[in-house]
Amino acid sequence: MKTELVVNMDTAKDARILVLEDALRRLNEIVGNRKLKLHIEYSKLNNELKNAGSRLYEIKYAYTDAETLAESEATKSLIESIKNFSEIVKSSIASSGFNPSTTKDQLVYADLLYCFRIVEGFQTRLLDFDEDPAFAVDILAVEVSQMQDVSGSDNLSVCRCTDGKRIWRIVTNIQNIQLESKLACAVLPPVDMLGVVSEAMFLGATQLDSEIPLGLLKDCPSHALDQARAQVLKITKRMS
Numbered sequence: 038m039k040t041e042l043v044v045n046m047d048t049a050k051d052a053r054i055l056v057l058e059d060a061l062r063r064l065n066e067i068v069g070n071r072k073l074k075l076h077i078e079y080s081k082l083n084n085e086l087k088n089a090g091s092r093l094y095e096i097k098y099a100y101t102d103a104e105t106l107a108e109s110e111a112t113k114s115l116i117e118s119i120k121n122f123s124e125i126v127k128s129s130i131a132s133s134g135f136n137p138s139t140t141k142d143q144l145v146y147a148d149l150l151y152c153f154r155i156v157e158g159f160q161t162r163l164l165d166f167d168e169d170p171a172f173a174v175d176i177l178a179v180e181v182s183q184m185q186d187v188s189g190s191d192n193l194s195v196c197r198c199t200d201g202k203r204i205w206r207i208v209t210n211i212q213n214i215q216l217e218s219k220l221a222c223a224v225l226p227p228v229d230m231l232g233v234v235s236e237a238m239f240l241g242a243t244q245l246d247s248e249i250p251l252g253l254l255k256d257c258p259s260h261a262l263d264q265a266r267a268q269v270l271k272i273t274k275r276m277s
């Protein structure tokens, strides 16, 4: 957890900022090459991304402390731009009744939600967590409510899980998961696993203590931190 000591960050290498940069890269890729079949003024999305990109540059090379960065105009403006982007997309989806039915569209939609979450939670990660790469993404306590085998696989299953706010679909090769298990998971870039979109990753099969509430985990078991850290470093390696 974050200490009281105020220390300037190496913002150019901070994992939280590099993951934020990767999320903006993904949004640009979606707008450029992976569009959903929606009636959207893409010029508006591009304008929001352009502003977010310029603000990201200010954030990445600010070399200030986490609290100052979280409250900076650059951070607030970037988040506002992506909130505007999100509202445009979600409004179009609601008005058109769009329901992603193909794996391709489901993956794009899941990627959008992932990117929105990374951006909108950026201030919280700066203020409530330290620079450990594990905390560059959200680590959640979830409960497994449904499981089924993935067609065409001998060892994959897809789990329907809740964090108390929304349902997550997680594809895993962990074999000993039981219904109503409470586990830690990391919200990572979604992946297509044999035609099933996985929106997060379990951080091991070790059950969390029963008194731990569902939702964002601030005090994470060491095994969960180790696995989350390894996954985040795969992202930051591409961005640093």
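Residue numbers for the sequence shown follow the working numbering, so the first one is 38 and each next one is one higher. All C-beta atoms in this analysis are idealised placements derived from N, C-alpha and C, irrespective of residue type, glycine included.
Where residue i and residue j are concerned, what is the direct C-alpha to C-alpha distance, given to the nearest angstrom?
i, j, result
"VAL44", "PHE166", "13 Å"
"ALA261", "GLN268", "11 Å"
"VAL233", "VAL195", "8 Å"
"ALA173", "ILE54", "8 Å"
"ILE96", "GLU108", "11 Å"
"ALA358", "ASP169", "The shown model of the chain, from 38 to 277, leaves out residue 358, and the question about it has no answer."
"GLN264", "ARG63", "23 Å"
"GLN183", "SER118", "36 Å"
"ILE211", "ASP229", "17 Å"
What are the boundary residues of the beta strand (DSSP E) that includes residue i?
i, result
"LYS219", "219–223"
"THR273", "Element bounds for THR273: not the beta strand (DSSP E) but the alpha helix (DSSP H), 259–276."
"SER194", "194–199"
"ALA237", "Careful: ALA237 lies outside any beta strand (DSSP E) and carries neither H nor E."
Does the beta-carbon distance from residue i to residue j come in below 8 Å?
i, j, result
"VAL145", "ILE207", "no"
"VAL181", "GLU236", "no"
"THR48", "ALA99", "yes"
"SER132", "PHE153", "no"
"VAL56", "TYR151", "no"
"VAL156", "ILE77", "no"
Let's see if you can read the secondary structure: which residues bound the alpha helix (DSSP H) around residue i?
i, result
"LEU150", "140–157"
"ILE211", "First-last for ILE211: undefined, no H or E at that position."
"SER118", "110–133"
Just to confirm my understanding: we take residue i, look at its own chain, exclude 5 residues before and 5 after, and list those with CB closer than 6 Å. What are they?
i, result
"LEU164", "ALA107"
"LEU231", "VAL187, GLY189, SER190"
"ASP200", "LEU177, VAL179, LEU251, GLY252"
Using 8 Å for Cβ pairs, my map puts residue i next to residue j. What's the rounded Cβ distance?
i, j, result
"GLY252", "ALA178", "6 Å"
"THR243", "PRO227", "Wrong, their Cβ atoms sit about 24 Å apart, outside the cutoff."
Sorted by chain position, which residues of the same chain lie with C-beta nearer than 8 Å to residue i's C-beta, five sequence neighbours on each side aside?
i, result
"ARG266", "ASP169, PRO170, ALA171"
"ILE214", "VAL181, MET184, SER194, CYS196, LEU220, PHE239, ALA242"
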